[in-house]
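These notes concern the structure reproduced below.
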Amino acid sequence: MKALTLKSTVMLSSLFLLAACGSGNSEGDGNSGSAEGDDEVLTLTMFSADMTQNDPFDNAVAQEILEKTGVKLEFSYPVGGDDQEAVALMIASGDYPDLIYGKGGLNQLIDAGGVIPLEDMIEENGENIKAMYGDQLDRLKRSSDDPSIYHVGTAGVENMYLETSGTLRLQMEVLKELGYPEINTLEDYENALTEYMEMHPTNEEGEPWIPLSLSGSDWRWLITVGDPASAVGGIEGDGQWYVAEDGEATYKFQRPELKEYFQWLNGMNAKGMLDEESFTHTNDTYVSKLSSGNVLGIADQDWNFTEAEAALRADEDEWSLWAPLPVGLDESVEVQTLKDYGFTGMTGVSITSGSEHQEEAFEFLDWFATEEAQILMNWGVEGVHYEIVDGKRVQLEEDLKSAQTNPNYSIESGVGAYIHPFPQWGSAAEDSNGQTIGRMGADDIIAQYSEPEKEALAGYGADLWVDLFPATEDLETPKHGRAWEIALPTGSNVNVIQQRADDYTTQKVTEAILADPADFDGIWEEMQSEMESMGIEDANAEMTEIIRDRLELWGETE
Numbered sequence: 000m001k002a003l004t005l006k007s008t009v010m011l012s013s014l015f016l017l018a019a020c021g022s023g024n025s026e027g028d029g030n031s032g033s034a035e036g037d038d039e040v041l042t043l044t045m046f047s048a049d050m051t052q053n054d055p056f057d058n059a060v061a062q063e064i065l066e067k068t069g070v071k072l073e074f075s076y077p078v079g080g081d082d083q084e085a086v087a088l089m090i091a092s093g094d095y096p097d098l099i100y101g102k103g104g105l106n107q108l109i110d111a112g113g114v115i116p117l118e119d120m121i122e123e124n125g126e127n128i129k130a131m132y133g134d135q136l137d138r139l140k141r142s143s144d145d146p147s148i149y150h151v152g153t154a155g156v157e158n159m160y161l162e163t164s165g166t167l168r169l170q171m172e173v174l175k176e177l178g179y180p181e182i183n184t185l186e187d188y189e190n191a192l193t194e195y196m197e198m199h200p201t202n203e204e205g206e207p208w209i210p211l212s213l214s215g216s217d218w219r220w221l222i223t224v225g226d227p228a229s230a231v232g233g234i235e236g237d238g239q240w241y242v243a244e245d246g247e248a249t250y251k252f253q254r255p256e257l258k259e260y261f262q263w264l265n266g267m268n269a270k271g272m273l274d275e276e277s278f279t280h281t282n283d284t285y286v287s288k289l290s291s292g293n294v295l296g297i298a299d300q301d302w303n304f305t306e307a308e309a310a311l312r313a314d315e316d317e318w319s320l321w322a323p324l325p326v327g328l329d330e331s332v333e334v335q336t337l338k339d340y341g342f343t344g345m346t347g348v349s350i351t352s353g354s355e356h357q358e359e360a361f362e363f364l365d366w367f368a369t370e371e372a373q374i375l376m377n378w379g380v381e382g383v384h385y386e387i388v389d390g391k392r393v394q395l396e397e398d399l400k401s402a403q404t405n406p407n408y409s410i411e412s413g414v415g416a417y418i419h420p421f422p423q424w425g426s427a428a429e430d431s432n433g434q435t436i437g438r439m440g441a442d443d444i445i446a447q448y449s450e451p452e453k454e455a456l457a458g459y460g461a462d463l464w465v466d467l468f469p470a471t472e473d474l475e476t477p478k479h480g481r482a483w484e485i486a487l488p489t490g491s492n493v494n495v496i497q498q499r500a501d502d503y504t505t506q507k508v509t510e511a512i513l514a515d516p517a518d519f520d521g522i523w524e525e526m527q528s529e530m531e532s533m534g535i536e537d538a539n540a541e542m543t544e545i546i547r548d549r550l551e552l553w554g555e556t557e
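Numbered according to numbering that gives the first Met the number 0, the sequence shown spans residues 0 to 557.
So this is what it looks like as structure tokens:
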């Protein structure tokens, strides 16, 4: 594709500009020329709800994007991690960047007139976007009442599932010492920890092990406490919801599966096997503990402990890495971790009404849907991150080492940094040479395994960790996609009630886990009664209506 012909620049003047610079608030000066003084460079400002650290957009991939498109991105992100508050402040001020990934605040932005509909642009100038989404384009529509398209991106259209995340994990050393036992239930998992600690009460320095640690003092409670409860219970990844096949939704903390998991954590705490600081230490402290090699078990999303993994690899302490395991409540549970949810891109990158470069911004997003862009975002720059061998891309050894040991690899290299939340073909899509766009095919993943990982997998007679889990093809694709991706209507009962319920259950479940086991049932019942008083059944009914509307919009009703 030809580089975009763009002639002017714009700078963000909002409350969030200096968030991307790692400093406090300051007033911007509105639209201005490029800082480089180059009229051929267009600086598009972008707010991303999921960013947590500054990206100066000066890595090798960013430079290649600039060369190919003439566009430089200037990022801002929510200070303190509160993306909803950041979006609300932008709406209140009316001061928008050019591009915005508003995540759960998408409906608020639409209702405030902060983002523009894209369907006409897609029809007239979005050849790459149309080719990428194909017959899935309708899934970007807002609702039956408002079938406009306000965003693109977030999810891949075609995906493969060769890695798993969000499950209970155990150190490779534990598995080796126990002879690679089958660990499919909570009982198996607890027994493995108990047996290992009886064999080795302390580490080599004479310090006691931390059997299981969580990061539950901030929003990460959702990914180390709430989401693992769903996974262990065999519940689909619908965020805070349980969704039946007919679309009926239930707030998941009403479900017996979650009670059983939290009661198990309560028992682990009573036995001294749960890190006593799991709900008080900062995430930095949590990562530091993991990096020490002294934590035997975790329950977390893989992207939340990459820094610890990098530190362990750098220290050549790879037996302390954690193996993902298909742990369910009991043998009857089929863990849903590898489920294919289909294309579910219900949030993504939007173009704001305040941008003076809407056409150029759209052209930039359409470029992201090209083969050239997809290879660049996933693989990086030829000669820097990969080479061509027998017509196929192969990651360079130096880049592989950096990816495994540098916790800032993505931002510093640019590889993978601009996949989410932009338009994505998906990890399973193939380029014109028949090679997958995603860099993590089976051979690529195996090549990145450490020797302890390979030895452990051999002990289980497997090539990949996902081989231990129920296979994707054996798990039914839900018709509704994923409920957590639905941007709830502004001011709706379900939106208000869920926020209240989330705050409450976070505190109450934590109380139940840390309580005397004799008090657990009483605390759980108290929580159920309070949720009913909040109107949780009204929220369930409204969420059910929203999901069934989605099914109708997607043509999935019978």
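All C-beta atoms, glycine included, are put in the ideal place defined by N, C-alpha and C.
Asked, Found
"Determine which residues share a DSSP beta bridge with W366 and list them.", "According to DSSP, W366 bridges with nothing at all."
"Quick check for students: name the residue ranges of the beta strand (DSSP E) that lie wholly in the stretch 82 to 154, counting only runs of 3 or more.", "98 to 100"
"May I ask you to report which of helix, strand or coil DSSP gives M10?", "In this predicted model, M10 has a pLDDT of only 31, less than 50, meaning its place in the structure is not dependable; the value taken from the coordinates is given anyway. Of the three classes helix, strand and coil, the one that applies to M10 here is coil, per DSSP."
"So, for V294: in the same chain, excluding its five sequence neighbours on each side, which residues have a beta-carbon less than 6 Å away from its beta-carbon?", "I209, S212, K288"
"Between D81, A111, A446, which lies nearest to L93 when the distance is taken from Cα to Cα?", "Reading off the sequence, residue 93 comes out as Gly, not Leu. Of the listed residues, the one whose Cα sits closest to G93 is A111."
"Please state the DSSP three-state secondary structure of P406.", "coil"
"Mapping DSSP to helix, strand and coil, what is Y250?", "strand"
"Could you compute how far the alpha carbon of G165 sits from the alpha carbon of A87?", "30 Å"
"Quick check on the DSSP output: what are the complete alpha helix (DSSP H) runs of length 4 or more inside the stretch 193 to 274, in order along the chain?", "226 to 231, 255 to 269"
"In whole angstroms, give me the CA-to-CA distance for M439 and Y160.", "10 Å"
"Spatial neighbours of A360 within its chain, please: CB distance less than 7 Å, with the 5 preceding and 5 following residues excluded, ordered by chain position.", "L43, D97, L98, I350, S354"
"Grouping DSSP H, G and I as helix and E and B as strand, with all else coil, what is M45?", "strand"
"For E73, list the residues DSSP reports as bridge partners.", "T44"
"So, for I444: in the same chain, excluding its five sequence neighbours on each side, which residues have a beta-carbon less than 7 Å away from its beta-carbon?", "L161, E162, L463"
"What residue ranges within the stretch 321 to 402 form continuous alpha helix (DSSP H) runs of no fewer than 4 residues, ordered along the chain?", "357 to 367, 370 to 378"
"Would you give the residue range spanned by the beta strand (DSSP E) that Q434 belongs to?", "No beta strand (DSSP E) holds Q434; DSSP gives it neither H nor E."
"For N407, count neighbouring Cβ atoms within 10 angstroms of its own Cβ and tell me buried if that reaches 16, exposed if not.", "exposed"
"In the DSSP output, which residue or residues are listed as bridge partners for A298?", "L167"
"So, with DSSP's three-state summary, where would you put T184?", "strand"
"Just verifying my parser: in three-state terms, what is the DSSP assignment at E315?", "coil"
"Which of the three DSSP states is assigned to E162 in this structure?", "coil"
"The ligand GTP and Q239: does any heavy atom of the ligand fall closer than 7 Å to the residue's C-beta?", "For the ligand GTP, the structure offers nothing, since it holds no ligand at all."
"Hey, could you find the ends of the alpha helix (DSSP H) D548 is sitting in?", "535 to 552"
"Identify whether Q423 lies in helix, strand or coil by the three-state DSSP scheme.", "strand"
"How about D54 and I410: are their beta carbons less than 8 Å apart?", "yes"
"DSSP on E475, reduced to helix/strand/coil?", "coil"
"With H, G and I counted as helix, E and B as strand and the rest as coil, what does DSSP make of D529?", "A small fix is needed here, since residue 529 is Glu in this sequence, not Asp. The answer is helix: DSSP assigns E529 an H, G or I state."
"For W424, is the classification buried or exposed, using 16 other Cβ atoms within 10 angstroms of its Cβ as the cut-off for buried?", "buried"
"Between the alpha carbons of N405 and A461, how many angstroms are there, rounded?", "28 Å"
"Are N494 and T249 closer than 8 Å when you measure CB to CB?", "no"
"I need the DSSP call for E157, collapsed to helix, strand or coil.", "coil"
"With distances taken between CB atoms, is the gap from P323 to R168 smaller than 8 Å?", "yes"
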